[in-house]
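Quick notes on the structure that follows.
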Amino acid sequence: MTPQEEKQIGKWNDKLSEDIQVRVVLTEDERSSGFGDFCEDLSRIAFKIRIIKEQDDSNNLPAIRISDDIEYHAIPLGTELEPFLEAIFMSQKKEISIPEHIREPLSKIRIPALLRLYVSPQCPFCPVTARQLIPLAFANKFVHLTITDGALFPEMAASDDIRAVPAVLLDENFRWTGSVRVEELAEIMASRDPAKLGAASMETMILEGNAFQLAEMMIEKKDIFPAFPDVLVHEQFSVRLGAMAAAEEIADQNKKLAAKIVGPLWRRFQDQRNQIRGDIIHILGETGGYEIVPKLEMILAGQYHEEIKEAAEEAMEKIKQRS
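Here numbering that gives the first Met the number 0 is used: the sequence shown runs in plain steps of one and ends on residue 322.
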């Protein structure tokens, strides 16, 4: 952090009327130390900032979280410092000022919109894009923004095929490089087809307690969204549990629709560890009919863990009771 950046933070701190909490997530990733050092310097200079440290004993990316909906996989220095400080200040506001022509489509967003902005501290145009997107995440709880330094995390930039910044990605389907028309972005977020939701968006819905909303969307569309089976075999149990609740809700309301889960789920069975295999069998028992019984019998006759065989027996019993 340069003396000029320290001075900038100090002046900004003088404008704060109350203490503000900022969370930093430190992981086993070696780049975590830079995040920790930055936040310590930030709270030292801006004494109204309270840093909450969260330890994640994994190799996930370290992050600075301004709110539940805005996080930085970046150390916001250089050109990114000012938008970062503005975002912290904005987190305390009850009302976010957004032009009406943007607020109107923004208010219609009812499914998670995962925005990813790639930046670099030397980019002169990135702060403009950051200032455009940050208010959207504060104004609508369905908009989630992640700001990533593509130079600090080149593996993330490579996986998203980022070749220039600023770059904005929406879900798995849309991208912009350079300038962004925020009105157009808001309209696209509001008009997306729920059936095209990716697994990450579904995961967000579930973790926010909207598993039944996800089920209702599929019931209304009369289709199982292509990414849904991937969420049913998610490594994180809380995500998997919410997805199973959604599958059971679909089965309660529309057995024929629920049966569409069986094929895609069975194709994923062999590649999973035993705990997830057991959950798959549970859902097969809830959603399948007699057509799945031969597969369950195969499990009973195969070299599977005893708990897996017990789950298969329970699933067969449920199917027989319904028939």
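Glycine included, every Cβ here is placed at the ideal spot set by N, Cα and C. Source: prediction; values computed, not measured.
Check whether residue i and residue j have beta carbons under 8 Å apart
i      : j      : result
His72  : Asp148 : yes
Gln54  : Leu25  : yes
Ile282 : Leu231 : yes
Thr78  : Cys122 : yes
Met89  : Ile97  : no
Val118 : Val167 : no
Lys52  : Val23  : yes
Leu196 : Ala226 : yes
Thr145 : Glu70  : yes
Asp222 : Ala194 : yes
Nonlocal neighbours in the same chain, by C-beta distance under 6 Å from residue i, ignoring five residues either side
i      : result
Ala214 : Ala245, Glu248 and Ile249
His143 : Asp68 and Leu113
Ala129 : Pro82
Backbone CA spacing between residue i and residue j [nearest angstrom]
i      : j      : result
Ala45  : Leu76  : 15 Å
Ala314 : Leu132 : 47 Å
Ser32  : Pro61  : 9 Å
Ile87  : Trp11  : 11 Å
Phe211 : Arg180 : 33 Å
Ala189 : Pro2   : 43 Å
Arg102 : Phe141 : 14 Å
Arg64  : Glu207 : 16 Å
Glu324 : Val21  : A question about residue 324 goes unanswered here, because the residues of the chain that appear run from 0 up to 322.
Short CB-CB distance (under 8 Å) between residue i and chain C
i      : result
Phe137 : Structure shown: chain C not included; a single protein chain is present.
Opening and closing residue of the alpha helix (DSSP H) in which residue i lies
i      : result
Lys6   : Pro2 to Asp13
Leu256 : Lys254 to Ala257
Gln274 : Asn273 to Thr286
Val261 : Val261 to Arg266
Thr147 : No alpha helix (DSSP H) holds Thr147; the beta strand (DSSP E) holding it covers Val142 to Asp148.
Gln320 : Glu305 to Arg321
Leu105 : Glu99 to Leu105
Candidates the options: closest to residue i by CA position
i      : options                           : result
Asp229 : Ala185, Pro263 and Gln302         : Pro263
Glu219 : Asn209, Gln252, Phe227 and Gly197 : Gln252
Ile110 : Gly241, Val21, Asp56 and Met216   : Met216
Gln274 : His304, Ile50, Phe34 and Leu184   : His304
Leu84  : Lys221, Lys255 and Glu4           : Glu4
Tyr289 : Arg276, Glu316, Ala300 and Arg272 : Glu316
Residue range of the beta strand (DSSP E) that includes residue i
i      : result
Arg191 : Where Arg191 is concerned, there is no enclosing beta strand (DSSP E), given that its DSSP letter is neither H nor E.
Glu70  : Ile69 to His72
Leu169 : Ala166 to Leu169
Gln131 : Here Gln131 belongs to no beta strand (DSSP E); instead the alpha helix (DSSP H) covers Cys125 to Ala138.
Phe173 : Phe173 to Thr176
Glu53  : Ile48 to Gln54
Ser66  : Ala62 to Ser66
Val24  : Ile19 to Leu25
Contacting residues, own chain, Cβ-Cβ under 7 Å from residue i (five flanking each side not counted)
i      : result
Ala199 : Leu113
Arg278 : The sequence as given places Asp at residue 278; Arg does not occur at that position. These residues qualify, in order along the chain: Arg239 and Met243.
Phe173 : Ile187
Val261 : Leu283, Thr286, Gly287 and Ile291
Neighbourhood of residue i by C-beta distance below 8 Å, restricted to the same chain and skipping five residues each side
i      : result
Ile298 : Ile280, Ile307, Lys308 and Ala311
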